[in-house]
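FYI, in this note's numbering the residues of the sequence shown are 1 to 272.
The beta-carbon is built from N, C-alpha and C at its ideal position, and this holds for glycine as well.
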Amino acid sequence: MALNYQILLKQNLQDLNPLFIGEAECPAGLLELADARSCSVLYYLRDGRGSVRIKGVTYPVQKGEFFLVPVGELAEITAAEDSSWTFQWIGFNGTLAYDFLQLPPVFSLPKEITAQLYDLRKPYQNIGTRVASDLLLIHSVLSKPKPDRTNHVQRVIDHILSSYMFKISVTELADEMGIHACHLSRQFTKKMGCSIQKYLLTVRVANAKNYLNQGYSVKETALLCGFGDTSNFSKLFKKETGLAPTPWKENIKLPEDVRQMLSLTETGLQYE
1 MALNYQILLK
11 QNLQDLNPLF
21 IGEAECPAGL
31 LELADARSCS
41 VLYYLRDGRG
51 SVRIKGVTYP
61 VQKGEFFLVP
71 VGELAEITAA
81 EDSSWTFQWI
91 GFNGTLAYDF
101 LQLPPVFSLP
111 KEITAQLYDL
121 RKPYQNIGTR
131 VASDLLLIHS
141 VLSKPKPDRT
151 NHVQRVIDHI
161 LSSYMFKISV
171 TELADEMGIH
181 ACHLSRQFTK
191 KMGCSIQKYL
201 LTVRVANAKN
211 YLNQGYSVKE
221 TALLCGFGDT
231 SNFSKLFKKE
241 TGLAPTPWKE
251 NIKLPEDVRQ
261 MLSLTETGLQ
271 YE
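Quick look at the structure:
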């Protein structure tokens, strides 16, 4: 195998914890034996086609598809005789890793999702955080029930809940559904009582609270929750919660009675 590189990651996350990520370009017809590992390894075929043999069964794989080599399993990975291929892999564990074992051996994701996944060929500052975000995105897409394609509001909600960490365009959502953006916005506001952008902000801030509670830095939280920059994140977070992200993190460490007092003060109630 013409191995390009593999990067070890040190995230120590509980739900989905990426351990390493790598990429390889393989010439046509090359057979490679993937050793059994103490973690599951998710492969994504970026280009070309070939096959993977797991537990005695061979599955064809083509560009844009994923396949999983479960923990402790061997796999034969073979490029097609007339086609080289390029694939990327992520080794991971965690409490949600078992859910991936319930998937078909080879599967695909919507193009709008795969287009957002991290590409090792592009530089990125915090690779571990980004890869962890990708795993959570893939898990959320694959584990949720199929949406009602006629329920435009629910489709918007599902998209935001699974992809809030990425840029979301109302126009692109509307185009995908085959309706006008203004019509979609009116439908959503009528049903939910707020605009799509307001709902998106609410979801992002709610997840930001969770990340801050877990000890992530303000910069990491802004990145994980889809905010353009730390300054914008801090401004919007304070507008929604009454506290900037840093004081929020400090508030978490305060005794319960003090936090309750601060909470009452932030809502405008008098504390005696």
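field: DSSP state of T58 mapped onto helix, strand, coil
entry: Locating residue 58 in the sequence shown gives position 58, counting from the first residue. T58: strand per DSSP, three-state reduction.
message: So if DSSP puts G91 in a beta bridge, which residue, or which two residues, is it bridged to?
response: By 1-based counting over the sequence shown, the position of residue 91 is 91. DSSP output for G91 lists F20, V41 as bridge partner(s).
query: What residues in its chain sit with their C-beta under 6 Å from that of L30, if we drop five residues either side in the sequence?
result: As a first step, residue 30 must be located in the sequence shown, where it is residue number 30. Excluding positions up to five away in sequence, the list reads A79.
query: G48: buried (16+ other C-beta within 10 angstroms of its C-beta) or exposed?
result: By one-based count along the sequence shown, residue 48 stands at place 48. Buried, since its Cβ has 16 or more Cβ neighbours within 10 Å.
- request: With a threshold of 8 Å, establish whether the CB of H159 neighbours any heavy atom of the ligand SAH.
  value: Looking for the ligand SAH in the displayed structure turns up nothing, as the structure carries no ligands at all.
field: Reference T241; option with closest CA among T230, D229, A208, Q214
entry: Against the sequence shown, residue 241 aligns to sequence position 241. Closest by alpha carbon: A208.
query: For I127, which three-state DSSP category applies?
result: Along the sequence shown, one-based indexing puts residue 127 at 127. Collapsing the DSSP output to three states places I127 in a helix.
Every unbroken beta strand (DSSP E) inside the stretch 184-268 [3 residues or more]: Runs found: none.
- request: Closer than 6 Å by C-beta to Q6: which residues in its own chain qualify, once you throw out the five before and the five after it? Chain order, please.
  value: Mapped onto the sequence shown, residue 6 falls at position 6. Excluding residues within five positions, the ones whose Cβ falls inside 6 Å are F20, G22.
field: Option nearest N17 by Cα separation, candidates Y98, S163, V205, T246
entry: Sequence index remark: in the sequence shown, residue 17 carries index 17 (1-based). The candidate whose alpha carbon is nearest that of N17 is Y98.
- request: On a CA-only basis, which of L74, E76, V52 is nearest E65? Give me that one, please.
  value: Within the sequence shown, numbered from 1, the residue matching residue 65 stands at position 65. Ranking L74, E76, V52 by Cα distance to E65 puts V52 first.
query: Touch check for the stretch 184-191 and the stretch 215-228: three-plus C-beta pairs under 8 Å?
result: no
query: For chain B, is any of its Cβ atoms less than 9 Å away from the one on F227?
result: Among the chains of the structure shown, chain B does not appear; only one protein chain is present.
query: Which of the three DSSP states, helix, strand or coil, is assigned to I179?
result: Along the sequence shown, one-based indexing puts residue 179 at 179. It is coil, neither helix nor strand.
message: Assuming S84 is part of the beta strand (DSSP E), what are its boundary residues?
response: In the sequence shown, residue 84 corresponds to position 84, counting from 1. Premise fails: S84 is in no beta strand (DSSP E) and is neither H nor E.
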